[in-house]
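One structure is given here, and the rest of the page talks about it.
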Amino acid sequence: MNRDQFEQRMQEKGYGNAEVKTYPPNTDGPMHTHDVSVMALVLSGEITLALEESSTTYAVGEWCELAAGTLHTERTGASGASILLAYK
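The sequence shown maps to residues -19 to 68 in this note's numbering.
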């Protein structure tokens, strides 16, 4: 998926404006939750979204959606990652 397609989908799903977040290399933060739902598109690098029971790695052009209150962490490899994030 490209950025234009992502932005169209996020608007269709009721998400607000998107922002880019850059994760440094070898990030492995603490488990946490958000009070809002998040939709994310990988712009560069790759990121692993680790939940309590599973984890999935996303590469450039891949996207995911995470419901509010879901316990998770984000992990990056040696190249870090830039992610386009939208919230609702």
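Even glycine gets a Cβ: it sits at the ideal position worked out from N, Cα and C. Keep in mind it's a predicted model, so treat the numbers as computed, not measured.
Around the Cβ of M(-10), a 10 Å sphere holds 16 or more other Cβ atoms; the residue is buried. CA-CA distance, V40 to G(-6), rounds to 23 Å.
For V0, the number of other beta carbons within 10 angstroms of its own is below 16, and it is reported as exposed.
Fully contained in the segment -1 to 45 are the following beta strand (DSSP E) runs of length 3 or more, in chain order: -1 to 3, 18 to 31, 35 to 39. Counting the other CB atoms within 10 Å of its CB gives L21 a total of 16 or more, which places it among the buried residues. The beta-carbon distance between T2 and S62, rounded to whole angstroms, is 5 Å. This is short enough to meet the 8 Å contact definition.
The secondary-structure analysis by DSSP pairs T50 with nothing; it has no beta-bridge partner.
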